[in-house]
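Here the protein sequences come in this chain order: E and F. The opening position of the first sequence corresponds to residue 1 in the UniProt record's numbering, with each subsequent residue numbered one higher. The opening position of the second sequence corresponds to residue 1 in the UniProt record's numbering, with each subsequent residue numbered one higher. Quick reminder that beta carbons are idealized off the backbone N, C-alpha and C, glycines included. This one's a predicted model, so the numbers in the text were calculated from it and none came from an experiment. For reference, the structure is listed below as C-alpha cells.
There are 2 protein chains.
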Amino acid sequence: MDFKEERIDSEDIYQGKIVNLRIDQVKLPNGRVSTREVVEHSGGVSILALTEKKEILLVEQYRTPVEETLLELPAGKLEPGENPLDCARRELIEETGFKAARIKHLYSFYTTPGFSDELLYLYLASELEEVGTDFDEDEIIKNHLISPGEIMDSILSGRIKDAKTIVGLLTYLRGDFNV
Amino acid sequence: MDFKEERIDSEDIYQGKIVNLRIDQVKLPNGRVSTREVVEHSGGVSILALTEKKEILLVEQYRTPVEETLLELPAGKLEPGENPLDCARRELIEETGFKAARIKHLYSFYTTPGFSDELLYLYLASELEEVGTDFDEDEIIKNHLISPGEIMDSILSGRIKDAKTIVGLLTYLRGDFNV
Numbered sequence: 001m002d003f004k005e006e007r008i009d010s011e012d013i014y015q016g017k018i019v020n021l022r023i024d025q026v027k028l029p030n031g032r033v034s035t036r037e038v039v040e041h042s043g044g045v046s047i048l049a050l051t052e053k054k055e056i057l058l059v060e061q062y063r064t065p066v067e068e069t070l071l072e073l074p075a076g077k078l079e080p081g082e083n084p085l086d087c088a089r090r091e092l093i094e095e096t097g098f099k100a101a102r103i104k105h106l107y108s109f110y111t112t113p114g115f116s117d118e119l120l121y122l123y124l125a126s127e128l129e130e131v132g133t134d135f136d137e138d139e140i141i142k143n144h145l146i147s148p149g150e151i152m153d154s155i156l157s158g159r160i161k162d163a164k165t166i167v168g169l170l171t172y173l174r175g176d177f178n179v
Numbered sequence: 001m002d003f004k005e006e007r008i009d010s011e012d013i014y015q016g017k018i019v020n021l022r023i024d025q026v027k028l029p030n031g032r033v034s035t036r037e038v039v040e041h042s043g044g045v046s047i048l049a050l051t052e053k054k055e056i057l058l059v060e061q062y063r064t065p066v067e068e069t070l071l072e073l074p075a076g077k078l079e080p081g082e083n084p085l086d087c088a089r090r091e092l093i094e095e096t097g098f099k100a101a102r103i104k105h106l107y108s109f110y111t112t113p114g115f116s117d118e119l120l121y122l123y124l125a126s127e128l129e130e131v132g133t134d135f136d137e138d139e140i141i142k143n144h145l146i147s148p149g150e151i152m153d154s155i156l157s158g159r160i161k162d163a164k165t166i167v168g169l170l171t172y173l174r175g176d177f178n179v
C-alpha cells in the first residue's frame, strides 16, 4: 500500500522564534491534490530527572497558548547545531537548577505529527546535584516533585495534562530502567 | 508565586484549514515584555479502540510534516460546534470502519502547550462492530492491531513514535478500566 505524498509546491508563511509556518501542496497516491499546513520546529528535549528518593522533578510555568499554569517535565528547544544530550543537560540546569551526573536517552517521539515536525528526545537523568538556576529571562518557573504513586491519579484527574509529561511519567512507571 | 502573562497585543498571521497562527505580545509578572507564537487548533479526539481479544486498533498513515508513515491511534479534529464524544464516534468509523457500542472519556491533554492550544480528548471504545469505512477523501489509511504485550517494545524501539498514541497505549497498560 502506497501512502507517500509528493510535495508539489510549498509556500513560506512565517518565520518565527520558536516555529515557522509553511503551506504545502501535496499529491496523494490516489492522484488527488491537497493542502497541508506544516508548523516547523527545530525539536527539543524532555527530561525525567529522578531524585535519590525516586521522585521526579516537575516544573510549573504559565503557557500562553492554553492560558494556564501547567506542571511539566523540564524541557526545551534545541539551539541551532546543538546536540540533544547537551540540550538536555543545559535545559535541566536552566529550568530546575539541578545538574545530572547520569543522563541517558530513552527514545524520541513526535508531539503532533498531524501539523508539526517537532521531535522530542526523552532523557532519564539521575544523581542530581543542585547547582543553582540560570533561568531564561523570559521564563518564570517553579520546581515541584512527584512520586511514582501520585502519577496515575494526577493524569486521570487533569492535574497533569501536558502530553510530553504524560509520556515521560507513564514510561517511567512502566519501564525497568537501571538508574 | 505569580506566573500569569498578560496579553498586551496580538496579531493574526494566518487562518488555515487545520491551524491558525497568531503572535502575542505578553507582559510577564516581572514586567518584561516578550513575544509568544501561538498555533491555534480547535482540538480533537484520540480513541483507544479495543477488540474482543483486547488488541488495540491502530491506523497507519503518511504524515507530511514528518515525511513518514506513522502508526497512530485513530484520531481527528473537532468540527465546529461538534461535541468530543460525537467526534470520537465519527472519527473511529471514518478512520477504521468500526463502530463502538461502548465509548467513554478517560481524560484530556494538551499535545504541545508551548506553542499550541490543541487539546485532545482521549476515549476508550469497546464492543466494536465493523460497519465499513467512510474515509475522508484526503486521507489514505490502513488498519493495524497491537496487543498489550507489544506496546512497550514498540515505543522503545521507535516503531510507534506519535505522542498521543504513546499517551493512550501507556494509559491502557497502566489503567484498570472496566471495558
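7 Å Cβ cutoff, residue i in contact with chain F
i: D138(E); result: yes
i: G43(E); result: no
i: M109(E); result: Here the sequence assigns Phe to residue 109(E), which means Met is not the residue at that position. It does; some Cβ of chain F falls within 7 Å.
i: L48(E); result: no
i: E95(E); result: no
i: A101(E); result: no
i: K27(E); result: no
Residues bridged to residue i [DSSP beta-bridge criterion]
i: G44(E); result: K77(E) and L120(E)
i: T64(F); result: BP columns for T64(F) are empty, so no partner.
i: A49(E); result: A125(E)
i: S108(E); result: Y121(E)
Length of the line joining the Cα atoms of residue i and residue j
i: A88(E); j: T133(E); result: 15 Å
i: I93(E); j: K99(E); result: 6 Å
i: T69(F); j: E60(F); result: 7 Å
i: H105(E); j: D176(F); result: 29 Å
i: T64(E); j: G31(F); result: 16 Å
i: I140(E); j: L85(E); result: 23 Å
i: E52(F); j: L124(F); result: 13 Å
i: I166(F); j: A101(E); result: 28 Å
i: residue 180(E); j: E91(E); result: Beyond the ends of chain E as shown, which are 1 and 179, falls residue 180(E); an answer cannot be given.
i: Y14(E); j: L128(F); result: 44 Å
Contact check, residue i vs residue j, beta carbons under 7 Å
i: D162(F); j: Y110(E); result: yes
i: I18(E); j: F115(F); result: yes
i: L119(E); j: G168(E); result: no
i: H144(E); j: L58(E); result: yes
i: I146(F); j: I47(F); result: no
i: S108(E); j: L78(E); result: no
Secondary structure of residue i, DSSP reduced to three states
i: E55(F); result: coil
i: T35(E); result: strand
i: E5(E); result: coil
i: T133(F); result: coil
i: K17(F); result: coil
i: I160(F); result: coil
i: S10(E); result: strand
i: D86(F); result: helix
Neighbour flag for residue i against chain E, beta carbons, 7 Å
i: L73(F); result: no
i: Y62(F); result: yes
i: V59(F); result: no
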